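Notes follow the structure.
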Ligand code: MN
Ligand code: MN
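Numbering (this note's numbering), first residue to last: 197 to 667.
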């Protein structure tokens, strides 16, 4: 590399690999990422994430807010919403009304959901299958011929809840969507445009092929599958109606590359931010401002619903914090929200070495170059963006520079190339400052996404610095 002149050193933006910036921390980075890959193995769905986060919170002295009568600085509480959404708070020395430091990540990831009436038998081919409706922005062709596991919850007729997780252990079966063989795809499939290569209604999962012996049964394979499920879980066909079953990649997180510098795992968007902000809030003790780590779902489909960012749950949580620390009034809650500082902890797209054309190189984030500050998301003339102010970015940038955290800038692709959104704009509706801030990912939304260990670690450091700060 050419050495920079003094003038260049003084004037140019630093664009340095996180590995170089954190040369002395390589051991810490690798050991921190062991915890991360372990979390990723056990938290493939939003429910599993909430369960893991709750267990971890309890181990770190967070108390259920329902069991708390009064909150004092330094105390730690959590609240769970419908098993799919959770908030953790460490009470600060300053009153809640002065504002909170909030890091919000999402714990849902693109996947294939089973339809409410999923099971059918294809008599011609002699197999039983599940119909699916994909969830979030997937490239459908990624999901064929890859082993899938089935995770979820079924509420039976009697109200009893059954948890299902099958396909993760080597002795359990997996599920698959068979693609057409190349020998016969030429006319029927190869001429389709890529997004239509596999169509939504073609995402049908193979689930069985042995028929029942009973001669009177019409759909022998379908009934055989139901009979097996009935024996194992006590369910009948109608129970699928009151279920949330998700087909997710049956893969385990692995290190990638000869140097093991990268991580491959399903669902790193956005559990990479969930895990790092969880570890950061765990280590936050006696902060000036109350620190909140919020984990929402339904981000991948627009933050809708009662467990997404648009739900009142978060606002209610802040109301509870006000109520438990001082005399409650509505204006105090509104002040708390307006005075808050938030990081929308979500991933950006790392520059793809093979598809550079869709990126604008001066503003693209790079794998391993540290946590990404994304001034705005949206697309096509900043439409639908939450555009962080110069003042707020100024504060975050100074904080990260002071704490020597590896960070970089990032914009999602070239202007008019596409775009995407996060929870940032919903946080901004509370009149708080918010900035998108998370690691960059290669192959985002693919069944196996790639991150850099250096970025995982810099995200953790960044969130920790943010929680401990008074901006
Ligand atoms: Mn995301
Ligand atoms: Mn996403």
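Using N, Cα and C, we set each Cβ at its ideal position, and we do this for glycine too. Bear in mind that the values here come from a model prediction, so they are computed numbers and not experimental data.
Quiz item: Between 464, 378, 592, which lies nearest to residue 569 when the distance is taken from Cα to Cα?
Solution: Locating residue 569 in the chain shown gives position 373, where the first residue counts as 1. Closest option to residue 569, Cα to Cα, is 592.
Self-check item: Exposed unless 16 or more other CB atoms sit within 10 angstroms - verdict on residue 560
Solution: One-based indexing of the chain shown puts residue 560 at position 364. Result: buried.
Quiz item: Heavy atom of ligand 1 less than 6 Å from the Cβ of residue 465, yes or no?
Solution: Indexing the chain shown from 1 puts residue 465 at position 269. Because some heavy atom of ligand 1 lies under 6 Å away, the Cβ of residue 465 counts as near it: yes.
Quiz prompt | Length of the line joining the Cα atoms of residue 370 and residue 324 | solution = What you label residue 370 is simply residue 174 of the chain shown in a count that begins at 1. What you label residue 324 is simply residue 128 of the chain shown in a count that begins at 1. Distance from the CA of residue 370 to the CA of residue 324, rounded to the nearest whole angstrom, comes to 14 Å.
Quiz item: So is the beta-carbon of residue 542 under 6 Å away from any non-hydrogen atom of ligand 1?
Solution: In the chain shown, residue 542 corresponds to position 346, counting from 1. Yes, ligand 1 has a heavy atom inside 6 Å of this Cβ.
Quiz item: What runs of the alpha helix (DSSP H), each 4 residues or longer, lie entirely inside the segment 420-505?
Solution: Unbroken alpha helix (DSSP H) stretches of 4 residues or longer found wholly inside the segment 420-505: 464-478, given in chain order.
Quiz prompt | residue 641 (DSSP reduced to helix, strand or coil) | solution = Working through the chain shown from its first residue, we reach residue 641 at position 445. Collapsing the DSSP output to three states places residue 641 in coil.
Quiz item: How is residue 536 classed by DSSP in three states: helix, strand or coil?
Solution: Within the chain shown, residue 536 is the residue found at index 340, counting from 1. DSSP places residue 536 in coil when its eight states are reduced to three.
Quiz item: Skipping 5 residues on each side, what residues in its chain have a beta carbon closer than 8 Å to that of residue 344?
Solution: As a first step, residue 344 is located in the chain shown; it is residue number 148 there, counting from the start. Non-local beta-carbon contacts of residue 344 in its own chain, meaning distances under 8 Å to residues more than five positions away in sequence, involve 308, 363, 370, 371, 372, 373, 401, 443, 444, 445, 446 in chain order.
Exercise. Count the C-beta pairs between the segment 595-615 and the segment 267-281 that are closer than 8 Å, then say yes if the count reaches three, no if not.
Key: Verdict: no, contact absent.
Quiz prompt | Per DSSP, the bridge partner or partners of residue 633 | solution = Taking the chain shown and counting its residues from 1, the one referred to as residue 633 is at position 437. DSSP, once it has assigned bridges, lists 569 as partnering residue 633.
Self-check item: Buried versus exposed, by CB contacts within 10 Å (16 or more), residue 448
Solution: Taking the chain shown and counting its residues from 1, one reaches residue 448 at position 252. Exposed, by the Cβ-count rule.
Practice problem: Measure the alpha-carbon distance for residue 588 versus residue 571 and round it to whole angstroms. | Solution: For the purposes of this step, residue 588 is taken as residue 392 along the chain shown, with counting starting at 1. For the purposes of this step, residue 571 is taken as residue 375 along the chain shown, with counting starting at 1. So the alpha carbons of these two residues sit roughly 10 Å apart.
Quiz item: From this set, 411, 406, 430, which residue's C-alpha is nearest residue 172's C-alpha?
Solution: With the chain covering only 197 through 667, there is no way to say anything about residue 172.
Quiz item: Run through DSSP, which three-state label would residue 513 get?
Solution: Position 317 of the chain shown, counting from 1, holds the residue named residue 513. Secondary structure at residue 513: helix, using DSSP grouped into helix, strand and coil.
Quiz item: Among 292, 661, 210, which residue has its Cα nearest to the Cα of residue 522?
Solution: Along the chain shown, read from residue 1 onward, the residue named residue 522 stands at position 326. If we check each option's Cα against that of residue 522, 292 comes out closest.
Quiz item: Under the criterion of a Cβ to heavy atom distance below 6 Å, does residue 496 qualify as lining ligand 2?
Solution: For the purposes of this step, residue 496 is taken as the residue at position 300 of the chain shown. Remark: the shortest separation between the CB of residue 496 and any heavy atom of ligand 2 falls under 6 Å.
Quiz item: Under the rule that 16 or more other beta-carbon atoms within 10 Å means buried, what is residue 586, buried or exposed?
Solution: Numbered from 1 along the chain shown, position 390 holds the residue referred to as residue 586. Under a 10 Å Cβ-count criterion, residue 586 is classified as exposed, with fewer than 16 other Cβ atoms of the shown protein chains found around its own Cβ.
Practice problem: Return no unless some Cβ of chain C is closer than 7 Å to the Cβ of residue 474. | Solution: Absent here is chain C; the protein component of the structure consists of one chain.
Quiz prompt | Three-pair Cβ contact test at 8 Å for the segment 503-517 versus the segment 275-292 | solution = Segments in contact, yes.
Quiz item: In whole angstroms, what separates the C-alpha of residue 318 from that of residue 476?
Solution: The sequence position of residue 318 within the chain shown is 122, counting from 1. The sequence position of residue 476 within the chain shown is 280, counting from 1. Spanning the two alpha carbons is a distance of roughly 50 Å.
Quiz item: Where does residue 390 land, buried or exposed, given buried means 16+ other C-beta within 10 angstroms?
Solution: If you number the chain shown from 1, residue 390 lands on position 194. In the assembly as shown, residue 390 is an exposed residue. Its beta-carbon has fewer than 16 other beta-carbons within 10 Å.
Self-check item: N- and C-terminal bounds of the beta strand (DSSP E) containing residue 309
Solution: Position 113 of the chain shown, counting from 1, holds the residue named residue 309. Taken as a continuous stretch (DSSP letters only), the beta strand (DSSP E) holding residue 309 covers 307-318.
Quiz prompt | Reference residue 228, options 354, 216, 655, 667, closest by Cα | solution = Translated into the one-based positions of the chain shown, residue 228 becomes position 32. When only C-alpha atoms are compared, the closest one is 655.
Quiz item: For residue 283, which beta-bridge partners are listed by DSSP?
Solution: Taking the chain shown and counting its residues from 1, one reaches residue 283 at position 87. According to DSSP, residue 283 bridges with 275, 490.
Quiz item: Between the segment 412-430 and the segment 327-337, do three or more beta carbon pairs fall short of 8 Å?
Solution: Too few Cβ pairs lie closer than 8 Å, so no.
Exercise. Over the uninterrupted beta strand (DSSP E) stretch that includes residue 403, give me the two end residues.
Key: Along the chain shown, one-based indexing puts residue 403 at 207. For residue 403, the enclosing beta strand (DSSP E) starts and ends at 401-404.
Exercise. Assess, as a yes-or-no matter, whether the segment 198-209 is touched by the segment 432-440 under the definition of 3 or more beta carbon pairs within less than 8 Å.
Key: Taking 8 Å as the limit for Cβ pairs, the verdict is that the segment 198-209 does not touch the segment 432-440.
Quiz prompt | Per-residue burial, residue 524 [other beta carbons within 10 Å of its own, 16 or more giving buried] | solution = Stepping through the chain shown from its first residue, residue 524 is reached at position 328. Using a 10 angstroms sphere on the CB of residue 524, the tally of other CB atoms stays under 16, which defines it as exposed.
Quiz item: Is it true that the segment 221-235 meets the segment 574-584, where meeting means three or more beta-carbon pairs spaced less than 8 Å apart?
Solution: Contact annotation: the segment 221-235 does not touch the segment 574-584, with fewer than three C-beta pairs closer than 8 Å.
Quiz item: With burial defined as no fewer than 16 other Cβ atoms inside 10 Å of the residue's Cβ, what is the status of residue 379: buried or exposed?
Solution: Your numbering for residue 379 matches position 183 in the chain shown. By the Cβ-count criterion, residue 379 is exposed, with fewer than 16 other Cβ atoms from all chains shown falling within 10 Å of its own Cβ.
Exercise. Evaluate residue 355 with the Cβ neighbour count: other Cβ atoms within 10 Å of its Cβ, from every protein chain shown; 16 or more gives buried, anything less gives exposed.
Key: Your numbering for residue 355 matches position 159 in the chain shown. So residue 355 counts as exposed.
Self-check item: Cα-Cα separation, residue 450 to residue 226
Solution: Taking the chain shown and counting its residues from 1, one reaches residue 450 at position 254. Taking the chain shown and counting its residues from 1, one reaches residue 226 at position 30. If I take the Cα positions, the gap works out to 13 Å.
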